[in-house]
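Structure record follows, encoded as structure tokens.
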Amino acid sequence: MRGRRCPHRGSRAWGRPLFAVCTNGRRDRCCAITGRRIAEDLHAEFGSAVVEISHLGGHRFAGTMVVLPWGYAYGYLDSAAALQVARAAADGLVHPGGLRGRADRTPIAQAAEAILRTEIGPHPPAAIGVITEISEPGGVGEPALLRARVFGQWQDIALCRVVGPTVTATECGGKPFTTGHWRRA
Numbered sequence: 009m010r011g012r013r014c015p016h017r018g019s020r021a022w023g024r025p026l027f028a029v030c031t032n033g034r035r036d037r038c039c040a041i042t043g044r045r046i047a048e049d050l051h052a053e054f055g056s057a058v059v060e061i062s063h064l065g066g067h068r069f070a071g072t073m074v075v076l077p078w079g080y081a082y083g084y085l086d087s088a089a090a091l092q093v094a095r096a097a098a099d100g101l102v103h104p105g106g107l108r109g110r111a112d113r114t115p116i117a118q119a120a121e122a123i124l125r126t127e128i129g130p131h132p133p134a135a136i137g138v139i140t141e142i143s144e145p146g147g148v149g150e151p152a153l154l155r156a157r158v159f160g161q162w163q164d165i166a167l168c169r170v171v172g173p174t175v176t177a178t179e180c181g182g183k184p185f186t187t188g189h190w191r192r193a
């Protein structure tokens, strides 16, 4: 179909957000079980703006979804939470619930943005701009310093990695994994 523009070639050209939900059941059936339900419920409200994809990474975060064109990844979603995220995105806002980070940021910068967005609530993507790593963490529990542009003002944020328990059984029968998260130092 040369010369014709396909509306699915990018949500920016399409003019509205695209919601990509992981429904892959090969590595961990949680994505297939939870993701499929989320995709169906989102499709009922957002129609063709919802697509099923095979892998986002981090099956332990099921249900998972990425919101395009911004590249925000979400995890630990159920249908109600996914609908909140999608409705906010349709209004041009980044919802902080379940936010794992934005695809173009480093893991620690993703964590910093998720923490900051939880503090400020739903706002447009531009509410939080550049996030620069000033110092790296020296190890578990040792802080790293980052600088973020929040509402046009520079703000420093210190984070440290906290290791959590090992989860040996999941609702969907996934492989054991060690939990952990970043928190303000």
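Residue numbers (our numbering): 9 to 193. Note that the Cβ used here is the ideal one computed from N, Cα and C, for glycine as well. All values derive from a computational prediction rather than experimental measurement.
### Query
Per DSSP, residue 107 forms a beta bridge with which residues?
82
### Message
At the level of alpha carbons, what is the spacing between residue 188 and residue 81?
### Response
18 Å
### Message
On the CB-based measure, 16 or more other CB atoms within 10 Å of its CB, does residue 109 come out buried or exposed?
### Response
buried
### Query
Of all the alpha helix (DSSP H) runs that stay within the bounds of the stretch 33–72, which reach a length of 4 or more residues?
44–54
### Query
What first and last residue would you give for the beta strand (DSSP E) that runs through residue 192?
185–192
### Query
Looking only at DSSP bridge pairs, what is residue 157 linked to?
162
### Task
Count the other CB atoms, across all protein chains shown, that sit within 10 Å of the CB of residue 20; report buried if there are 16 or more and exposed otherwise.
Caution is warranted here: a pLDDT of 49 is assigned to residue 20, below 50, making its placement in the model unreliable, and no coordinate value can be reported.
### Query
Considering only the beta carbon of each residue, do residue 119 and residue 167 sit closer than 8 Å?
yes
### Message
Pop quiz: residue 27 and residue 69 are said to be a contact at Cβ under 8 Å. What is the actual Cβ separation, rounded to whole angstroms?
### Response
Contact doesn't hold; Cβ gap of about 16 Å is too wide.
### Query
Does the Cβ of residue 137 have 16 or more other Cβ atoms within 10 Å, making it buried, or fewer, making it exposed?
exposed
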